[in-house]
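Working notes, beginning with the structure itself.
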Amino acid sequence: MTMSDWLSQPENYVFLVIALPMVFGAWRVVTTRNVVHAALYLVLALGGSAALFLLLGAEFVAWTVVLVYIGAVVVLFLFGVMITRAPLGRQDDLSHAANVRIPAAAISFALFIIMGGSMLSYFGGEEFTADVGITRTADIGFVIFDRFVIPFEVVSMVLLAALIGGIVLARKDPEPKEVESVDAALAAPEGGDA
Amino acid sequence: MIIMQFLILGAALFSLGVYGVLTRRNAVLVLLSVELMLAAVNINFVAFDRFLGDELAGGQVFALFIIAIAAAEVGIGLAIILLIYRNRHDANVDDLDLMKL
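In order, the protein sequences belong to chains A and B.
Adding 17 to a residue's 1-based position in the first sequence gives its number in this note's numbering.
Adding 10 to a residue's 1-based position in the second sequence gives its number in this note's numbering.
Okay, here's the thing in structure tokens:
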């Protein structure tokens with residue numbers, strides 16, 4: 018498949034309109050000097066992924082991303098940011114200096130080249146089948162509660178454990194009771210008898 | 011549409027996430043970069059699901075599982091970061107060297 022063939026398909030323009038802001042948002046997430054901006058650029062990247070899922074006909078996954086990621090996870094991140102970094106705004110100590118950044122950039126670029134090259138050599142220009150269609154949410158539900166029911170239950174237990182763990186970790190410890198007061202409480206009835 | 015455009019996008023997002031994990035000093039931002047990597051994996055899962063025309067929609071179901079696990083991970087991770095901040099008044103990853111010899 019040549020480049021002009023690829024550009025002749027209208028959905029590829031939709032893909033580019035979605036994908037380029039996603040990459041920009043991801044780039045800003047890892048480079049911006051403002052923590053709140055990083056969380057908001059993550060919304061751009063995740064919203065783009067939801068739009069791509071719609072393009073692929075995976076509607077349930079797309080709206081789950083919008084609800085869970087953008088609705089819950091990013092809000093949780095903003096809470097975490099506002100609790101742990103009281104002076105919000107531009108800060109220069111969020112990233113390492115250039116002596117760490119340059120090797121890290123080299124590593125991640127090499128990773129990109131290796132992954133992209135190996136996938137390109139295997140899949141090349143293979144196209145999606147002509148009629149991808151839309152996955153019905155009812156079908157996803159049937160599959161989850163039929164074929165994937167055990168992983169589903171395991172995930173629900175993981176969520177329960179995470180809920181309990183989060184509460185236990187984040188709550189303030191109760192004040193330790195005074196030992197003297199316990200002794201006094203034990204001694205009080207005896208004193209009353211005497 | 012070809013499969014490679016989704017795979018390249020996923021690889022780009024994953025690499026950017028790796029870069030963020032390696033360079034960020036603030037623990038919350040490291041967690042954000044991990045979310046970026048999970049989003050890249052989700053794109054690959056759904057793209058392959060549609061590419062292979064899986065009758066069981068396995069890729070989409072596993073993308074949903076990843077979303078659930080990511081939510082749990084963020085909850086626990088932020089609770090730990092909150093605890094570290096409460097004890098040390100700092101959430102920089104490279105200052106947390108209490109167990110280093």
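C-beta: ideal position from N, C-alpha, C; glycine also.
For B:Ile76 and chain C, any beta-carbon pair shorter than 7 angstroms? The structure shown contains no chain C; its protein chains are A and B.
Measuring straight from C-alpha to C-alpha, what distance separates A:Leu176 and B:Gly87? 13 angstroms
Quick one: does B:Leu19 have its CB under 7 angstroms from some CB of chain A? yes
I need the straight-line Cα distance from B:Tyr29 to A:Pro27, nearest angstrom please. 33 angstroms
Looking at chain A, is there any beta carbon in it that lies within less than 7 angstroms of the beta carbon of B:Met7? One cannot answer for residue 7 of chain B here, as it falls past the ends of chain B, which runs 11 to 111.
Exposed unless 16 or more other CB atoms sit within 10 angstroms - verdict on A:Tyr30: exposed
Could you check where the alpha helix (DSSP H) with B:Phe2 kicks off and where it finishes? What is shown of chain B runs 11 to 111, which leaves residue 2 of chain B out entirely.
Please work out which residues of its chain come closer than 8 angstroms, Cβ to Cβ, to B:Leu23, disregarding the five sequence neighbours upstream and downstream, and give them in chain order. Same-chain partners within the cutoff: Leu46, Met47, Ala49, Ala50, Ile53.
So, is A:Leu33 buried or exposed, given that buried needs 16 or more other C-beta atoms within 10 angstroms? exposed
Select from the region 141-159 of chain A all residues with a C-beta closer than 8 angstroms to any C-beta belonging to chain B, and list them in chain order. Gly141, Gly142, Glu143, Glu144, Phe145, Thr146, Val149, Thr152, Asp156, Ile157
Got a sec? Which residues, its chain only, sit under 8 angstroms from A:Thr152 by beta carbon, not counting five neighbours each side? Only Gly74, Ala75, Glu76, Phe77 meet the Cβ criterion.
Between the C-alpha atoms of B:Arg35 and A:Val85, what's the straight-line distance to the nearest angstrom? About 26 angstroms.
B:Leu42 vs A:Leu59 beta-carbon contact at 7 angstroms: yes
Run through the region 71-95 of chain B for me and flag every whole beta strand (DSSP E) of 3 or more residues, listed as ranges in chain order. Counting whole runs of 3 or more residues, the region 71-95 of chain B contains no beta strand (DSSP E) stretch at all.
Do B:Val84 and B:Ala73 come within 7 angstroms of each other at the CB atom, strictly closer than that value? No, they are not a contact pair.
Cβ shell of B:Ile12 (< 8 angstroms), same chain only, five flanking positions each side left out: none
Neighbouring residues, chain A, relative to B:Val71 (Cβ below 7 angstroms): Ile157, Val160, Ile161, Phe165
Give a yes or no on whether the minimum CB-CB distance between A:His54 and chain B is below 7 angstroms. no
Residues near A:Ile23 by beta carbon distance below 7 angstroms, same chain, minus five either side: At residue 23 of chain A the sequence reads Trp, which differs from the Ile that was named. Within the same chain, and ignoring the five residues on either side of A:Trp23 in sequence, the residues whose Cβ sits closer than 7 angstroms to its Cβ are Asn29.
C-alpha gap between A:Asp110 and A:Val92, whole angstroms: 23 angstroms
Would a check of beta-carbon distances place B:Leu106 closer than 7 angstroms to chain A? no
Alpha carbon to alpha carbon, how far is A:Ser25 from A:Ala89? Between A:Ser25 and A:Ala89, the C-alpha separation is close to 39 angstroms.
Does any C-beta atom of chain A lie closer than 7 angstroms to the C-beta of B:Leu93? yes
7 angstroms is my cut-off, CB to CB: does B:Phe61 come that close to chain A? yes
Is the CB of B:Asn54 under 7 angstroms away from at least one CB in chain A? Chain A contact via Cβ: absent.
What residues from chain B crowd round A:Trp44, counting only those whose CB sits closer than 8 angstroms? Leu26
Just checking my contact of A:Gly64 with A:Ile100 at CB under 8 angstroms: how many whole Å lie between their CB atoms? The C-beta distance from A:Gly64 to A:Ile100 rounds to 25 angstroms, too long to meet the 8 angstroms contact threshold.
Determine the closest residue to B:Ala21 out of A:Gly142, A:Phe129, A:Thr146, A:Ile119, with distance taken between C-alpha atoms. When A:Gly142, A:Phe129, A:Thr146, A:Ile119 are compared, the shortest CA-CA separation from B:Ala21 is found for A:Phe129.
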